[in-house]
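One structure is given below, encoded as structure tokens.
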Amino acid sequence: MGAGRVAGLVLAGALLVGCSSGGVVDTVGRAGSAPDGVAPAEVADAERRVVRSAELELAVDDPAGTAGAVRRAGERSGGHLARERGDADRVRLSLRVPAERLDAVLAELSGLGRVLSRSTSAEDVTEQVVDTGSRIESQRASVRRLRELLDRATTVAEVVQVEAELTERETELEALERRRAALADRVAMAEVDVVLERSAARGAGFLAGVTTGLHSLGGAGSLLLTWFGVALPYVALLALPAAAGVLLVRRRRRASTPPLG
Numbered sequence: 089m090g091a092g093r094v095a096g097l098v099l100a101g102a103l104l105v106g107c108s109s110g111g112v113v114d115t116v117g118r119a120g121s122a123p124d125g126v127a128p129a130e131v132a133d134a135e136r137r138v139v140r141s142a143e144l145e146l147a148v149d150d151p152a153g154t155a156g157a158v159r160r161a162g163e164r165s166g167g168h169l170a171r172e173r174g175d176a177d178r179v180r181l182s183l184r185v186p187a188e189r190l191d192a193v194l195a196e197l198s199g200l201g202r203v204l205s206r207s208t209s210a211e212d213v214t215e216q217v218v219d220t221g222s223r224i225e226s227q228r229a230s231v232r233r234l235r236e237l238l239d240r241a242t243t244v245a246e247v248v249q250v251e252a253e254l255t256e257r258e259t260e261l262e263a264l265e266r267r268r269a270a271l272a273d274r275v276a277m278a279e280v281d282v283v284l285e286r287s288a289a290r291g292a293g294f295l296a297g298v299t300t301g302l303h304s305l306g307g308a309g310s311l312l313l314t315w316f317g318v319a320l321p322y323v324a325l326l327a328l329p330a331a332a333g334v335l336l337v338r339r340r341r342r343a344s345t346p347p348l349g
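The structure is reproduced here in structure tokens:
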């Protein structure tokens, strides 16, 4: 029996063993078969990976005009506008800026209006980054073993089975690599949500207060006029008997008063 035939039989036997115990996956090892979680020491030794974000709400005279200044501030920092929506009185923007420039960008944006609220947050994703990296290395090793196995396959059935498993592993590897890239992007670029509100809409400043007072006074005046209009018919109805009674009393007083001289 030739050496090639022997190798083919050995490979076929390995494939059959793999199939009987769950497929080739168990023969070459799957990335997910590594112990769950990441060793604490591995995480502790890793460089910290932190996702930063911020929210800023400003009262401004012209939200639409100020939105342009917000966009330009983001671009100067090396970032870009992710989303924008709003109307003449309120505009909401989401910027993505380099994480190391976040504090400087917030300081610049805060100077565009009156700060109504400001907050920042940080999420440590070091464990996720380390875990994803470990799974990628394991999956790459699995893919290499399957490719070696494919090179030794001698029958169509062996080739088909190994190729199917290889395609699945490569798909999982690509998904892990996309996840790691997304995590790296979130760490590198901080997200800033900026809300711009027209000052008058929030009652900011002396003039806004005067305007609000005038509106309130006008509303009170309108209410009084409405009440007066409702009561007027009743007042008129009661006034006629009252006037008649007053005239009658006056006549009686005149009649009972003796003439002078």
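In my numbering, the protein residues as written are 89 to 349. Cβ atoms here follow ideal geometry from the backbone N, Cα and C, with glycine treated the same way.
Check: Under 8 Å, with one C-beta from each stretch per pair, do the stretch 210-221 and the stretch 142-150 reach the 3-pair mark?; Outcome: no
Check: Using three-state DSSP, classify E135 as helix, strand or coil.; Outcome: coil
Check: Would you call the stretch 254-267 in contact with the stretch 229-238, where contact means no fewer than 3 C-beta pairs closer than 8 Å?; Outcome: yes
Check: Does E253 pass the burial test, meaning 16 or more other C-beta atoms within 10 Å, or should it be called exposed?; Outcome: buried
Check: If we count Cβ pairs, one from each stretch, closer than 8 Å, do we get three or more for the stretch 239-253 versus the stretch 163-174?; Outcome: no
Check: Could you name the residues of the same chain whose beta carbon sits closer than 6 Å to that of R267, not counting the 5 residues immediately before and after it, in chain order?; Outcome: T220
Check: Considering only C-alpha positions, which residue in the set E251, S222 and T208 is nearest to V131?; Outcome: S222
Check: Between D133 and R274, what straight-line distance do the alpha-carbon atoms span, to the nearest angstrom?; Outcome: 21 Å
Check: How is T243 classed by DSSP in three states: helix, strand or coil?; Outcome: coil
Check: If you compare alpha carbons, which of L271, A272 and V283 is closest to L181?; Outcome: V283
Check: In whole angstroms, what separates the C-alpha of A269 from that of A263?; Outcome: 10 Å
Check: Within the stretch 131-214, note down every full alpha helix (DSSP H) run reaching 4 residues or more, in order along the chain.; Outcome: 151-164 and 190-198
Check: A187: buried (16+ other C-beta within 10 angstroms of its C-beta) or exposed?; Outcome: buried
Check: By the three-class DSSP mapping on this structure, what secondary structure does L284 have?; Outcome: strand
Check: Identify, in the order they occur along the chain, each residue of the same chain with its Cβ nearer than 7 Å to the Cβ of L197, setting aside the five sequence neighbours on each side.; Outcome: L144, V158, A161 and V282
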